[in-house]
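Here the sequence shown is numbered in the working numbering, starting from 70 and rising by one per residue. Ideal Cβ placement from N, Cα and C applies to all residues, glycine included.
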Amino acid sequence: MLQIATNSIGNSVTVNAPRTVHRGLDVGIGGKAFASVTGQVQWRVSGLLNDFKFRDDATYGSNQLPGIPQYATRAQVGYRFSNGRHERQERCGRA
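Now the structure itself:
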């Protein structure tokens, strides 16, 4: 989908881009550590690499598609208590 502004007051039209390339890689890993009778630490890390672009478009050439980050990361660490309660922190980034 491609949104094109048609005038200065914000009206726009959305159309399908005729030819695009959609490639990417998504990886993740997680684990557990420091297990005890009270619970354990759990962690996860993931990353995403996108290569979404126009394919030989008359107007946009082979530029990247707008609005889609090239890179994205996420990290999470938490503590799962033996009674099932879970406390966690997350951090995300993209560029």
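For Ser131 and Gly153, the gap between their C-alpha atoms comes out near 50 Å. Annotation for Phe150: the continuous beta strand (DSSP E) segment containing it runs Tyr140 to Phe150. Collapsing the DSSP output to three states places Thr128 in coil.
DSSP places Arg154 outside both helix and strand once states are collapsed to three, so it counts as coil.
Under the three-state reduction of DSSP output, Ala102 falls in the strand class.
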